[in-house]
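Structure record follows, encoded as structure tokens.
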Amino acid sequence: MKVLLYSPVFWPSVGGVEAITETLGIEMTTAGIDCYVVTETESEEQREYPFRVIRKPTIAERFRLTSWCDIIHSNSASVAMWPYAELLRKPFIWTHNGYQAACIDGLGWEAGKPAPIAPIPSFWHHWKVNGAKSALIGGLKLVVRRHVALNHVALNIPATRWVDKRLALPRSVQAYTPYPNKNFLSPTGDTNASSVDFLYVGRLVTEKGVNTLIEALALLSKAQGSQPTLRIVGGGPEKDDLESLAQELKVRNQIEFTGPLSGDALRKAISEAAIAIVPSIWEEPMGGVTLELLSAGKCLIVSEKGGHAEVCGKAALTFLNGNPEALANQMDTLINDPEQQTELRSFGKEKLTQFSAKRLTNRYIQIYNSVIQEVS
């Protein structure tokens, strides 16, 4: 089987789609699948992969690659390879890692606030927020994406049940995408030694709800009459505002802002924390960071709307997105209950078996075979 795996972004760009594409490519090659990754990301640096990476191919090269493959898998919001698949009559499948087939912004989040995840409400929202020209251009792109998703793909693959519910597309099969969770595996999967009470890992942007977490820390400190500590790992445009909020709420001395970390430094920062929190206000389509934290042996508190709660199942406590009081209550419950922490870690170990990269890639290989047989 020959698979053309399309990802508009790839290494050295860093993000969820890039990590999924790399993991899927490695696992497919290991399973004996002939895989090429096609991307628009240029790079002068070289990195060895067991699969071939083609960067910014010409139109002629795209035709040759389409002719070569048995199936095109777009692991992204892009339909860039769909015209070639259509012209050369090759099956085109599309993994939906977000809401690009339902709204203009593709996120359900715009200008620091929630935005409608439905075509017509999304159009009028963008008309009001960004003006007629932007709404018309974005609306035209959305029409194209929806037309392809509704009428021309061999299969739509929502990355989570939450995304499946939001998109409600025909010819749809839900399948989780593989993440490189082994990079975060804890040697023991459990730890009682911690120098930090709570941990956040991620970008410092409005949709991630770090302000909710800081407000919850302040409420918890007041309720307990103590000074629980929080480590915030990551960088982003909201850093100064978050530090100001912490100062205003009189918890700045309880919070450590480490900035972005990677490799051993990131693993060490995670290992030293007792409880990890994923406080997204946004309806996250998938829970990649939750899987990484589960792999690191953390017990979790996550927001309930979106992919995080779905991915964690019983391995996490949940709270209503954007509600600092609800989050503070869960933080209070968990920090004072070591037995529940141990139970959550145990559930986490069980959950991770469902999300092994090999298992999820095999699911995709089954999908490829099924689609190829159906159209042949």
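Take the UniProt record's numbering: the last position of the sequence shown gets the number 376, and nothing is skipped along the way.
Yeah, the Cβ is synthetic: ideal placement off N, Cα and C, and Gly gets one too.
Within its chain, find whatever has a CB closer than 6 Å to the CB of glycine 189; leave out the 5 residues flanking it on each side and keep chain order.
Along the sequence shown, read from residue 1 onward, the residue named residue 189 stands at position 189. Caution applies to glycine 189, whose pLDDT of 45 falls short of 50 and renders its modelled position unreliable; the value that the coordinates give is listed next. Apart from the 5 residues on each side of it in sequence, glycine 189 sits with its Cβ closer than 6 Å to the Cβ of Gly297 and Lys349 in its chain, given in chain order.
Using the C-alpha atoms, what's the distance from arginine 166 back to leucine 219?
Numbered from its first residue, the sequence shown carries residue 219 at position 219. Numbered from its first residue, the sequence shown carries residue 166 at position 166. Pairing leucine 219 with arginine 166, the inter-Cα distance amounts to about 33 Å.
Could you give the DSSP three-state label for tyrosine 179: helix, strand or coil?
In the sequence shown, the residue the question calls residue 179 occupies position 179. Per DSSP, reduced to three states, the secondary structure at tyrosine 179 is coil, with no helix or strand assignment.
Length at least 4, wholly inside the region 44-84: the alpha helix (DSSP H) runs in chain order
Qualifying alpha helix (DSSP H) stretches, in chain order: 59-68.
Classification of threonine 30 by the beta-carbon crowding that lies within 10 angstroms, buried from 16 upward
Here residue 30 is taken as the residue at index 30 of the sequence shown, counted from 1. Threonine 30 comes out exposed.
Around the Cβ of aspartate 105, are there at least 16 other Cβ atoms within 10 angstroms (buried) or fewer (exposed)?
Stepping through the sequence shown from its first residue, residue 105 is reached at position 105. With 16 or more other Cβ atoms within 10 Å, it is buried.
Considering Cα atoms alone, identify which of Asp241, Glu283, Leu230 and Phe319 is closest to glycine 307.
The count along the sequence shown starts at 1 and reaches residue 307 at position 307. Nearest in C-alpha terms to glycine 307, of all of Asp241, Glu283, Leu230 and Phe319, is Glu283.
Helix, strand or coil: which one does DSSP assign to alanine 357?
Your numbering for residue 357 matches position 357 in the sequence shown. DSSP, reduced to helix, strand and coil, places alanine 357 within a helical segment of the structure shown.
Evaluate lysine 182 with the Cβ neighbour count: other Cβ atoms within 10 Å of its Cβ, from every protein chain shown; 16 or more gives buried, anything less gives exposed.
Within the sequence shown, numbered from 1, the residue matching residue 182 stands at position 182. Result: exposed.
Within the UniProt domain "Glycosyl transferase family 1" (197-350), note down every full beta strand (DSSP E) run reaching 3 residues or more, in order along the chain.
Correct list: 230-233, 255-259, 273-278, 299-303 and 316-319.
Going straight from the alpha carbon of alanine 135 to that of valine 38, what length do you get?
Residue 135 sits at position 135 when you count from the first residue of the sequence shown. Residue 38 sits at position 38 when you count from the first residue of the sequence shown. If I take the Cα positions, the gap works out to 30 Å.
What three-state label does DSSP hand threonine 95 in the structure shown?
The residue you call residue 95 lines up with position 95 of the sequence shown. Threonine 95 falls in the strand class under three-state DSSP.
What do you get for glutamate 22, buried or exposed, if any count of 16 or more other CB atoms within 10 angstroms of its CB means buried?
Along the sequence shown, one-based indexing puts residue 22 at 22. Per the 10 Å Cβ criterion, buried.
In DSSP terms, what glutamate 110 is bridged to
For the purposes of this step, residue 110 is taken as residue 110 along the sequence shown, with counting starting at 1. Glutamate 110 is bridged to Lys113.
Classify valine 375: buried if its beta carbon has 16 or more other beta carbons within 10 angstroms, exposed otherwise.
Position 375 of the sequence shown holds residue 375. Valine 375 comes out exposed.
Could you pull the DSSP bridge partners for tyrosine 6 from this structure?
One-based indexing of the sequence shown puts residue 6 at position 6. Val38 and Ser74, per the DSSP bridge assignment.
I need the straight-line Cα distance from alanine 115 to glutamine 227, nearest angstrom please.
Counted from its first residue, the sequence shown places residue 115 at position 115. Counted from its first residue, the sequence shown places residue 227 at position 227. Take the alpha-carbon of alanine 115 and the one of glutamine 227: they are about 36 Å apart.
Note down the Cα distance separating threonine 316 from leucine 24, rounded to an integer number of angstroms.
In the sequence shown, counting from the first residue as 1, residue 316 sits at position 316. In the sequence shown, counting from the first residue as 1, residue 24 sits at position 24. The amino acid occupying residue 316 in the given sequence is alanine; threonine does not appear at that position. When rounded, the distance between both Cα atoms is 26 Å.
Distance check for phenylalanine 347 and leucine 199, CA to CA, integer angstroms please.
In the sequence shown, residue 199 corresponds to position 199, counting from 1. In the sequence shown, residue 347 corresponds to position 347, counting from 1. One Cα belongs to leucine 199, the other to phenylalanine 347, and the distance between them is close to 19 Å.
Given a cut-off of 8 Å, decide if phenylalanine 92 and threonine 41 are closer than it, judged by their beta-carbon atoms.
Mapped onto the sequence shown, residue 41 falls at position 41. Mapped onto the sequence shown, residue 92 falls at position 92. Not in contact: threonine 41 and phenylalanine 92 (Cβ atoms no closer than 8 Å).
Please report how far the alpha carbon of serine 194 lies from the alpha carbon of leucine 242, in whole angstroms.
To locate residue 194, count along the sequence shown from 1; it is residue 194. To locate residue 242, count along the sequence shown from 1; it is residue 242. Approximately 24 Å between the Cα atoms of the pair.
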